[in-house]
Each structure stands twice: as C-alpha cells, then as structure tokens.
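Worksheet: the structure to be examined is printed underneath.
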Amino acid sequence: MAPRHQAPRGTRDVLPDETRRWRWAESRALGVLERYGYAEIRTPMFEDYELFARTAGESSDVVQKEMYRFTDLGERELALRPEFTAGVLRAYLEHGLGGRARVHRLWSAGPVFRYGRPQKGRWRQFSQLNCELVGSPAPGADVEMITLFVDLYEAWGFRDLTVLVNSVGQPATRRAYGEALRGWLAPVRTELSEDSRQRLEVNPLRVLDTKDEGDHALMRKLPKMPRMIETLDAEDRAHWDDVLAGLAAAGIRAEVDDGLVRGLDYYTRTAFEVHDRSLGGQSALGGGGRYDGLVEMLGGPPTPGVGFAIGLDRVLLSLEERGLETPAPETVCVVAMDATRATATSLVRELRREFTVEYDVEARGFGAQMKAAGKSGARFLVLLGEEEGARGEVALKDSKTGTQQTLRRDALAGALRTRMAPTGEPR
Ligand code: HAM
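Okay, so the sequence shown: first residue is 10 according to this note's numbering, each after it adds one.
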C-alpha cells in the first residue's frame, strides 16, 4: 500500500546512511572555517519578502519565479529565504556589527528554498554553506574568499575543480555592457528562446546565463562576444588585476570566463563559480562575488563585502558519484551472558564516554549476540563470560588482527585506545 503522505515535491529525506556523509562533510568544512577565523551567524529561515525582492533584483529568476512567498496570520508579507546574504547583511545592520569591528568574517549553513522545476541536482529545499567577508573593499579580501572557497572543496577531497572568475564591474558599466550585448545579439534576436528574448529586454546579461542549448548554439555562430573586462573603468580594472595577481600568488588555478554572470543582481566587480560538469545541467557547486552596494541598498552606510555560497546537496551528490566513502568509526561490541548482564550494562555506559559501543538491549542469547556482532562489522568484541566476569576480567577480541587476550576490566579502555585507528581522512 502506498504511504498516505510523501515528502513535498522538490524536497527529500536524508536517511541515516546519508546523514553520516553529511556530518562528515560539515565537520571537515567547520575545521577549515575555524582555521580561517570565520565566526558563525544564524539568521531566521524567513524574512520580509521585500528584503529578498530588493536585493536579489526584480528581474532575477529568484524573485520572478522562485520565491516561497506567503502572508502570515498577522498579514505580514514574508518569504522563506532563497539565499543567506540578504539576511546576514540585514542582521549585520540591525545589530550594528559595523561599529564593533572594521571587518567581519561570517559563515552560516542551513536550508534555503527556491521554487524551481526539480531535477537532478536541483531541489526546492536545499542546503547552503555561506560565507561573507564584510567591511573590506581590498582585492586581498576577494583573494581570501576565493582561497577559502577552494580550500573547502579540497577538504572534501576535490582536486580537479576549476574556479571560473570574471569581473562584472559596476551597475553603470553593466548597463553599457548590456547595450553592447543587445547589439551583438540583434542578428539572432527573433530565434532566441522565449525566456532569452524576455531577458534581452529586461537584463541582457542574463541571456549569457541561459540553460537553453539552442541559444548557446546561436551565440556560438555569432562573431566574437563583446568582453565585459574591456568595458571596466580604470579602478575596476586595477582591482581585477590585483585579484588575479593575488590568486596566482596563493596558488589558485582560476580560469577567466567572460561569460560568467551571476543569477543575483547585487554583484559588483569580482564574480566566481565552480562547476562539476559531470553532474549535467545543474553543475554549479558554488558561487559568489563582491557586492559593494548591497548594504546601502538596505539603507546602511557604504559597506563593501564579498562572499559565496556552496550548494551542499550538489557537493554530496558529486562526492557520491565519485565513490567517496566517509570513514565510519571503529566500533566495540560488548557481548554478555545472563550472569554478567549487570556488569556489562555498567561497562557499556563507561565505554560509551569514549568509544562507539554496540550492545544488545534485548538480552538475547550468546549465539544471537555473536551473530549480530559479526553482521555489524565491529572491530572489537568484548566478551563477558561467567568465569571472566567472576574474576573481574574480560576477553578482548580484535577482528582485524585475529588476536584475543584476557585482561582486567579496568585495563580495557587503555587497550582499546592504543589499538584504535585515528579517524577523519576520507578513504
Ligand atoms: P547562488 O549561486 O544563487 O549564490 O547559489 C549558490 C549555490 O547554491 C549554487 O552554486 C548551487 O550549488 C546551489 N544551489 C542553487 N540553487 C539550488 C537548487 N535549487 N538546488 C540545489 N542547489 C542549489 C547565492 O546564493 C549567493 N547568496 C552566494 C553569495 C554569498 N554571494 C555573496 N555571498
């Protein structure tokens, strides 16, 4: 019989097999963030609809088609967050963080919501790991951000990803560049997809971001695309050159992609993304950039910033497809007899302060316990036989080395500790 309820379209349950991989990925990331000196900030999962509408850009897909917008019982216009940046900067302003320190390094992680057509790598509820460096206009801040971005992927074991970078200039430069793009696309305008024709009217840069293969084929036939880099003013150009030099100095392999435009409107100057082409259409594993006008857009003082978000679901999907196995902790299985059950109960509690311990709560017979221990793949078996129990001893069996020894109960933890393999590295 089919279950009465299923998870809503575009959402999914992460079952125990998978949550272990998620936790591993999260803890690897946390280590990197701590070493870079980033502090966590937690903001609400919903905010005023206006906050997102204003910052993401009225013509962006996020605002036009993807917002989970609702009115609550108090008639407030709200939306589930489609991204973190707007909420983090709203909090930054609301709590006057700018007055407490010149530069803030902030990270957040959790679910975000976008109403798109679900497909491989695209969900309506997905998780982002988001980082912001607020308060510095220096190219060094962009370099740190991109380096952190790359180091996070490296901590998950990726070695072959290429970071694409571009400079999207300032809104005025972008308008001029948009005009140049309109001219460039004019010969094929009527053949473009409906979506791209609309984008050409409202925000021509977005045409470059189209997922329509036909549009890309048309663009490939056109003479050379005008380059945004060539329309940058002297200051933006100098910033861009410094970012590229900094990335080279940091040993980051970045590829300049003239066609890289981001799906959100608040970016200025540096923009970057990383893709895993083997995932198909939804290949962006993460992206970000500088947003020097965003805090002002929210009514705050001029405050430059740069940040990125990584789509954790796609990272996990990609790791899974690459066959990455996350290490499971080595476990200890305690097997008791009727006469030693009470001793075992107290021993198990003690061992669990330090080790992962399996123990049969159903008080089944010796044979059933041994069978379960074999099935679970526990490395160590601690046998509490009647005779050993009476002498204050236990038998420790190491299934990896095939050895067995009898030792005093109070020496057990020490013996386990010295034999246990350190965990943490992916296999
Ligand atoms: P974004 O490029 O819109 O940037 O999203 C970042 C990442 O989230 C994408 O590269 C992708 O991996 C993942 N993602 C987006 N939509 C979906 C989806 N429907 N299903 C699964 N994964 C998805 C931002 O959100 C900016 N706030 C990043 C930023 C922070 N810029 C400055 N600071």
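Beta carbons are placed, not taken as given, at the ideal position from N, Cα and C, and that holds for glycine. Computed from a prediction, not measured in an experiment: that's the story for all the values here.
Assigned exposure category for residue i - 16 Cβ within 10 Å defines buried
| i | result |
| --- | --- |
| D250 | exposed |
| E397 | buried |
| Q128 | exposed |
| P313 | buried |
| F281 | buried |
| P91 | buried |
| R229 | exposed |
| L231 | exposed |
| P196 | exposed |
| M54 | exposed |
| F79 | exposed |
| A387 | buried |
| D224 | buried |
| S1 | Residue 1 lies beyond the range of the chain shown here (10 to 436); nothing can be said about it. |
| T412 | exposed |
| H248 | buried |
| D70 | buried |
| P310 | exposed |
Alpha carbon of residue i to alpha carbon of residue j, nearest angstrom
| i | j | result |
| --- | --- | --- |
| V152 | R13 | 51 Å |
| G144 | V344 | 58 Å |
| A318 | C140 | 6 Å |
| G160 | D419 | First, the amino acid is wrong: residue 160 is Asp here, not Gly. If you take the alpha carbons of D160 and D419, they lie about 43 Å apart. |
| E59 | G46 | 32 Å |
| L326 | V403 | 44 Å |
| G376 | G383 | 11 Å |
| G433 | T340 | Low confidence applies to G433: its pLDDT is 45, below 50, so where it sits in the model is not reliable enough to give any reading. |
| V112 | E200 | 48 Å |
| G96 | A48 | 16 Å |
| L170 | R18 | 30 Å |
| A381 | T349 | 18 Å |
| R262 | F167 | 13 Å |
| S355 | R426 | 19 Å |
| V366 | E27 | 21 Å |
| Q414 | R30 | 34 Å |
| R32 | W165 | 12 Å |
| T410 | M429 | 12 Å |
| D266 | L87 | 36 Å |
| S408 | R21 | 37 Å |
| R436 | L256 | Confidence at R436 is low in this model, with a pLDDT of 38, below 50, so the placement of that residue should be treated as unreliable; the coordinate-derived value is given next. The straight-line gap from Cα to Cα measures roughly 30 Å. |
| L98 | R114 | 12 Å |
Extent of the continuous beta strand (DSSP E) run through residue i
| i | result |
| --- | --- |
| R29 | That residue, R29, is in no beta strand (DSSP E); its alpha helix (DSSP H) goes P25 to R44. |
| K74 | Run containing K74: none; DSSP gives neither H nor E here. |
| L173 | V172 to S176 |
| E282 | T277 to H284 |
| E141 | Q134 to V143 |
| T412 | T412 to R417 |
| A16 | No beta strand (DSSP E) contains A16, which DSSP labels as neither H nor E. |
Member of the options whose CA lies at the smallest distance from the CA of residue i
| i | options | result |
| --- | --- | --- |
| G83 | V121, D57 and A381 | D57 |
| Q291 | D301, P235, L321 and L60 | L321 |
| V370 | E363, A351 and R362 | A351 |
| A118 | T156, V71, E188 and A38 | A38 |
| Y275 | Q378, R286, E264 and S176 | S176 |
| V304 | G332, I238, Y368 and T94 | T94 |
| L227 | R236, G255 and R198 | R198 |
| R63 | G302, T412, D242 and I155 | G302 |
| T182 | L241, M76 and Q134 | L241 |
| S36 | L138, R85 and A11 | L138 |
| D178 | P25, L273, R246 and N212 | The question names Asp, yet the displayed sequence has Gly at residue 178. The shortest Cα separation from G178 among P25, L273, R246 and N212 belongs to R246. |
| R236 | V270, P148 and S205 | V270 |
| V23 | S205, Q134, G108 and G40 | Q134 |
Endpoints, the alpha helix (DSSP H) within which residue i is located
| i | result |
| --- | --- |
| R59 | It should be pointed out that residue 59 corresponds to Glu in this sequence rather than to Arg. Segment Y58 to A65, the alpha helix (DSSP H) holding E59. |
| H248 | A243 to A259 |
| Q207 | E203 to V211 |
| D160 | P148 to A164 |
| Y368 | Careful: Y368 lies outside any alpha helix (DSSP H), inside the beta strand (DSSP E) at T365 to Y368. |
| E396 | E395 to R400 |
| G323 | It is worth fixing the name first, because residue 323 is Arg in this sequence and not Gly. Its alpha helix (DSSP H) spans residues L321 to E330. |
| F375 | F375 to S385 |
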